[in-house]
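Each remark here refers to the structure printed beneath this line.
Protein chains: 4
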Amino acid sequence: MKRIGLLTSGGDCQALNAAMRGVVKGLSENVDELEVYGFHNGYKGLIYGDYRLLTSRDFSGILTKGGTILGSSRQPFKLMRVPDENGLDKVEAMKQTYHKLNLNCLVILGGNGTQKTANLLREEGLNIIHLPKTIDNDIYGTDVTFGFQSAINIATDAIDCIHTTAASHNRVFIVEVMGHKVGWLTLYAGIAGGADIILLPEIPYDIKKVVEAIEKRSKAGKGFTILAVAEGAISKEDAKLSKKEYKNKVAERKFPSVSYEIADQIQKAGGTEVRVTVPGHTQRGGSPCPYDRVLCTRLGAAAAKAIMDEDYGCMIAMVNGETKRVPLKDVAGKLKMVEPDCQMIKEAKRIGISFGD
Amino acid sequence: MKRIGLLTSGGDCQALNAAMRGVVKGLSENVDELEVYGFHNGYKGLIYGDYRLLTSRDFSGILTKGGTILGSSRQPFKLMRVPDENGLDKVEAMKQTYHKLNLNCLVILGGNGTQKTANLLREEGLNIIHLPKTIDNDIYGTDVTFGFQSAINIATDAIDCIHTTAASHNRVFIVEVMGHKVGWLTLYAGIAGGADIILLPEIPYDIKKVVEAIEKRSKAGKGFTILAVAEGAISKEDAKLSKKEYKNKVAERKFPSVSYEIADQIQKAGGTEVRVTVPGHTQRGGSPCPYDRVLCTRLGAAAAKAIMDEDYGCMIAMVNGETKRVPLKDVAGKLKMVEPDCQMIKEAKRIGISFGD
Amino acid sequence: MKRIGLLTSGGDCQALNAAMRGVVKGLSENVDELEVYGFHNGYKGLIYGDYRLLTSRDFSGILTKGGTILGSSRQPFKLMRVPDENGLDKVEAMKQTYHKLNLNCLVILGGNGTQKTANLLREEGLNIIHLPKTIDNDIYGTDVTFGFQSAINIATDAIDCIHTTAASHNRVFIVEVMGHKVGWLTLYAGIAGGADIILLPEIPYDIKKVVEAIEKRSKAGKGFTILAVAEGAISKEDAKLSKKEYKNKVAERKFPSVSYEIADQIQKAGGTEVRVTVPGHTQRGGSPCPYDRVLCTRLGAAAAKAIMDEDYGCMIAMVNGETKRVPLKDVAGKLKMVEPDCQMIKEAKRIGISFGD
Amino acid sequence: MKRIGLLTSGGDCQALNAAMRGVVKGLSENVDELEVYGFHNGYKGLIYGDYRLLTSRDFSGILTKGGTILGSSRQPFKLMRVPDENGLDKVEAMKQTYHKLNLNCLVILGGNGTQKTANLLREEGLNIIHLPKTIDNDIYGTDVTFGFQSAINIATDAIDCIHTTAASHNRVFIVEVMGHKVGWLTLYAGIAGGADIILLPEIPYDIKKVVEAIEKRSKAGKGFTILAVAEGAISKEDAKLSKKEYKNKVAERKFPSVSYEIADQIQKAGGTEVRVTVPGHTQRGGSPCPYDRVLCTRLGAAAAKAIMDEDYGCMIAMVNGETKRVPLKDVAGKLKMVEPDCQMIKEAKRIGISFGD
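Set out below in structure tokens:
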């Protein structure tokens, strides 16, 4: 007999349902009795005891279903120790819910912030298993996170569509790709979409270099240029600012996002008209791609095994093609960023992609 | 022996290549000798004699290719009679190019503006055939234009993706769909995507009604609402302004587009947080859908027949499932808009979709 | 207060759920009280009283869901008057279920066979509304059926994939498209996919003409040829056989389907190696395309209106872009086939497509 | 100054063009002068001196294009040492073409058979770089081959489509997935598509176990079962036969492929009707998925670097997320098969997937 809890926290993404299906199928096929409690809207459901008992029917047909059947919400880690508006201690409340339901384990699906809270709950004595969910691919300790490949596909589709229209009109286009702190999604979608210039948070850009790259293409008779720009792309000057100074600067920016600002800079510097496309939240949505479905099924099945082995306090990671249990204490709080001189960046530069540096 | 010219003008869209392939295949299979001149970048190529002789190889494999192999540009009708910066009379220049090449016919692919210039050239004595291209579906005299269904598919994909993320987070989302003057694309994509509220240029909205519709859903336990908003959506108050007053108001708007303004209005009126997604030019791009490929192949083949019959001065339209030659003089300058009380709007309202009116 | 029944009968297809959602949303928004009974597995559920009461939750999120939430089965019309193995009179049983539930109307989604039984129930005094479902597009009295465009998309995808591989290897490929009696799906997918030869049930083929068309391409330096072949494609000789003779011949055929036989004939006649691909039931599956979702939403909303108007005994059709009530008695038992000399076939031939005739 | 040759050999797949683009872009951006010779139709072009000089224009826009711009053909390794019908020594002919063109390096894209010939040419003193192409993912020494993920996507799409129709009709369906010798594609597509039973060449099946798995689902109230079956799936009895005996048995089989035979066995053993779908060559076709485009761009860029470093005789592999040069002599002739007791199979079994063993 096993009693487990499930919750999905943070920005939603593809394959959350696929991962939960993996966990539950992996247990229900191998455990005599199983009770699964689904907490609604992330940690909120755990804090306020908002949950429902799930049956096998809930997990039927959800392998291909986007979003999360449990709902999600963002609950910042740094506020977890801060009592809520009614004075409720959130951490204590979560522990109470957990113990009240007499859970063997709580399976938490989420990104970096979620992982920090998961680790906190582990420190508080709860049995925790974390599954690495994020379209950003920035979780330390796993080669890949789920949602990432599905998001690449959507962002690449957008660049593909822009390609035909850019080529027809000889225009400069910016496609803004999700990613405030890390550039994995922009890097992969940019290469997959054949972008000419890729701007990442990890590699501050020099607008002159960007304009030069556009002009180099013009001179080579290529009438159009496509830029894949991460939400968190930053200029060399801005990268020198303190975090606070930069935050203020962004707040005062008259443009809704960095891409509009870069478009403005290019137009001023080079005279070229620039169009901006923002696929936005579509990058989190829709049915998970086959890659993510396989990944999640495996992570889920491996989580089920860890629960059967009563081996908790870990994230189930994918490392060199094998699922692996990685202690939460070793990875919580760490971020996996794009190294500016990594092999992949070098390869991209070798085929002529400019990073504006 | 036939000598024809081809040009694609205005904003690009899917299936331009498919349509040109249809014309050229239709002729080359049935005419002893054929010379096809492709003018570059729309009317510009005709004005400045910028063209190339095309061979059957140019038309191989382009059925599925987005964009236009000839390039396109916007050449406003109202400037056609205005000499260019060097004093060149554009209309005369186009006629000269046409006569110099001794063309039997010029096949022009484009939207409403393009059509007006096509009609002008007809009045000037050129043999013209027009093919109705636009993702807006607003060309009078044909049931459907090419590009429309492909654009619906892309806009619907965006709404589908937003659906899963909206449902997971119980959020209000706006998806901004292309269409400044007419709402066909928003209407179709909105219904296909299961949008709850659809705002069209033809049906001015009352922001109170919009907020009411959102609240009605909340009360019914549906935590999220999706709005499909046309670029040209307009409030009841703004609809009362003169064209000039409204233009000025838009120019001063602090938001990059109407959706951001509506999001702001909803937030102010109802307190709900609203997210905006702008698929933008992706709606014009990518491979044409099968529907558009069939449509364009048929229109192209019908254009070929008209050329063989030496029956010029017409648009090739699709009417009740049959291709048909419609005199350009009967349709040029007319716009096909969404009638606010048409059957389709009534049906949409019947299933509970709000148009904010 | 309205009490309605829903059933889906015959081969399943895309957008069945979308259509049912349209009916139920159209009613629930406009009727004070509504009870919806869903019969399981087509007429079987009506015969044996196998049904469930559906709630609005059943219709949430199913706009994009393939298949049918009610299940389906084939119940041949000609057996409807034949008692079942237990001596049960099926027609009487259906009437009893209908009356027992005190239904105002039974909404039946299905193809030609289903329609005949629907008309029979109408003759027996039941209030019937029929919605035209089939990937075959062969229902008389409506311009288009739902499922058709979605199936075109899937079959065209298959031809697109074959195109790249055929071109790489200079091979002759047959893609077998669904359609035993009518060729609409093959015709549309064939044109959309750029097939070189299209074989339809309505246009018997001469294998010599087929081989000639392949050789003509070879001589023109086009190394590959793609044939879109309907399941019911038939040779000129076989078309002369009586129905019974042909049936026997097919039964004895050593090939699993006609495409393998045609491949064999081509190889024998011309020496070319031919590969066969059979997408099969995938053509019925997956999420409905936006075109079908709009179509079904409109048909569903129009059905709701007919029920509110108490105007029964009709099929809801789409005619010239408008939904329309067509008396069942006028259309039941009629088939809409491809006319061999219709405009579309002529256009296809004009661009060089061979129909083997 | 570099002079390189390119050839694509064996069954075509997605991303061949993307890989060649990577090589050529990587060189042309970094080498003073570059001449690229493209050999037509695989080794045939090298043997018979059938090639063309390629320009940068040939590589523009081909990132997303399926198939191969060079054409391909199968030239069995074991026949390479056998003179052709005119007595020509193929190996000598290839060496002559290579030396006549004074190539610095020959880049060969292909699978296992291709690799063996590539290694032979290396032994004969030519500078060779091999890129691992195959939808089968069976090349030893690389974590993944290109074409594999794109093929997974297509096969999974097929299973997805079958899922909705199987569920609607409560039927047993077999989807036959490519792979005669190895089961990677079937394993991944089967898990991604949510197949209930997966039959691989590496895990001989017992038809009784297969039927039991179907019956277990029936008893659990799941009315349908989907089998993903590799082309090379084999029963336990047949696995005991000698290679020759099995070949003879297959040759005499009355079914066009193994799936039809398994369907027949299931029907005989369990009485259930089974439908078969064969996506066939579609699995090799269409546009490469973003995953493969990134993979190929990286492999291509890494090949360019190896050429600049004059480091030949290797395959460019992807190992633990990094591109790597693997000596051809270490890998040629080895096959990477699915280990029946590998982690992934265990995970699949844990969630209830049957492998019929």
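Protein chains in written order, with our numbering: chain A, 1 to 357; chain B, 358 to 714; chain C, 715 to 1071; chain D, 1072 to 1428. Quick reminder that beta carbons are idealized off the backbone N, C-alpha and C, glycines included.
Review point. Do the segment 18-36 of chain A and the segment 80-88 of chain A meet, that is, are 3 or more Cβ pairs less than 8 Å apart?
Key: no
Check your understanding: Does any C-beta atom of chain F lie closer than 9 Å to the C-beta of A/T64?
Key -> In the structure shown, chain F does not exist; the protein chains are A, B, C and D.
Exercise for review: With a floor of 3 residues, list each beta strand (DSSP E) that falls wholly inside the segment 398-427 of chain B, ordered by position along the chain.
Suggested key: 408-411
Check your understanding: Which same chain residues, not among the five before or five after A/G270, have their C-beta less than 7 Å away from its C-beta?
Key -> V211, I214, E215
**Study point:** First through last residue of the alpha helix (DSSP H) which encompasses D/E1194
**Key:** 1183-1194
Practice item. Whole angstroms is fine: what's the gap from B/I710's alpha carbon to B/L556's? Key: 10 Å
Check your understanding: Is the Cβ of B/T654 closer than 9 Å to any Cβ of chain C?
Key -> B/T654 counts as touching chain C.
Exercise for review: State the CB to CB distance for the pair B/L466 and B/I509, rounded to an integer number of angstroms; the pair is presumed to be in contact (CB under 8 Å).
Suggested key: About 19 Å; that fails the 8 Å criterion.
Check your understanding: If we ignore side chains and look at the alpha-carbon of each, how far apart do B/Y455 and B/G406 end up?
Key -> 9 Å
Point to revise | Closer than 7 Å at the beta carbon, the chain A residues around B/P489 | key: Those do not exist, as B/P489 stays about 18 Å from chain A at its closest Cβ, beyond 7 Å.
Review point. Does any C-beta atom of chain B lie closer than 9 Å to the C-beta of A/C161?
Key: It does: the Cβ of A/C161 has a partner Cβ on chain B nearer than 9 Å.
Practice item. Could you tell me whether any Cβ in chain D is nearer than 9 Å to the Cβ of A/P290? Key: yes
Review point. For C/P993 and chain D, any beta-carbon pair shorter than 9 Å?
Key: yes
Check your understanding: What are the boundary residues of the alpha helix (DSSP H) that includes C/C875?
Key -> 862-883
**Study point:** C-beta neighbour in chain A for B/A577, strict 9 Å
**Key:** Interface flag for B/A577 against chain A is unset, since no Cβ pair is found closer than 9 Å.
Review point. Comparing the C-beta of C/Q728 with each C-beta of chain B, is any distance below 9 Å?
Key: no
Point to revise | Contact the segment 629-643 of chain B vs the segment 611-618 of chain B: 3+ CB pairs below 8 Å | key: Because the criterion of three Cβ pairs below 8 Å is met, the segment 629-643 of chain B and the segment 611-618 of chain B touch.
Check your understanding: In the structure shown, what three-state DSSP assignment does B/H487 receive?
Key -> strand
Review point. How about C/G740 and B/E704: do their beta carbons lie closer than 9 Å?
Key: yes
**Study point:** Neighbour flag for D/F1244 against chain C, beta carbons, 9 Å
**Key:** yes
Check your understanding: For C/R788, which of C/K814, C/T848, C/E1024, C/N962 has the nearest alpha-carbon?
Key -> C/T848
Exercise for review: Assuming B/N351 and B/D500 form a contact by the criterion Cβ under 8 Å, report the distance between their Cβ atoms to the nearest whole angstrom.
Suggested key: Because residue 351 of chain B is not part of the residues shown, which for chain B are 358 to 714, the question remains open.
Exercise for review: Determine the DSSP secondary structure at B/V380, reduced to helix, strand or coil.
Suggested key: In this structure, DSSP gives B/V380 a helical state, which the three-state scheme calls helix.
Practice item. Taking the CB atoms as reference points, tell me whether A/L358 and A/C314 lie closer together than 9 Å. Key: Since the displayed chain A opens at 1 and closes at 357, residue 358 of chain A lies outside it and no answer follows.
**Study point:** is_contact[C/K739, chain B] using C-beta, thresh 9 Å
**Key:** yes
Check your understanding: Quick one: is C/N884 near chain B, going by C-beta distance under 9 Å?
Key -> So, not an interface residue.
Point to revise | Contact with chain C by B/Y497, beta-carbon distance below 9 Å | key: no
Practice item. Identify which residue in C/D1044, C/E838, C/L730, C/I843 has its Cα closest to the Cα of D/T1236. Key: C/L730
Exercise for review: To the nearest angstrom, report how far apart B/E449 and B/G482 are at their CA atoms.
Suggested key: 11 Å
Exercise for review: Closer than 8 Å, Cβ to Cβ, to anything on chain A: give me those residues from the segment 429-460 of chain B, in chain order.
Suggested key: S429, S430
Review point. If you drop the 5 nearest sequence neighbours on each side, which residues of the same chain put their C-beta closer than 7 Å to that of D/M1072?
Key: D1103, E1104
Practice item. Measure the CB-CB distance between B/R479 and B/Y648 and report whether it falls below 9 Å. Key: no
Review point. Could you give the distance in angstroms between the alpha-carbon of C/A717 and the alpha-carbon of B/R707?
Key: At residue 717 of chain C the sequence reads Arg, which differs from the Ala that was named. Distance between the alpha carbons of C/R717 and B/R707 is about 18 Å.
**Study point:** chain B contacts made by the segment 257-282 of chain A, where a contact means CB separation under 8 Å
**Key:** Y260, R275, V276, T277, V278, P279, G280, H281, T282
Check your understanding: Ends of the alpha helix (DSSP H) at D/R1152?
Key -> Counting along the chain, D/R1152 falls outside any alpha helix (DSSP H), and DSSP gives it neither H nor E.
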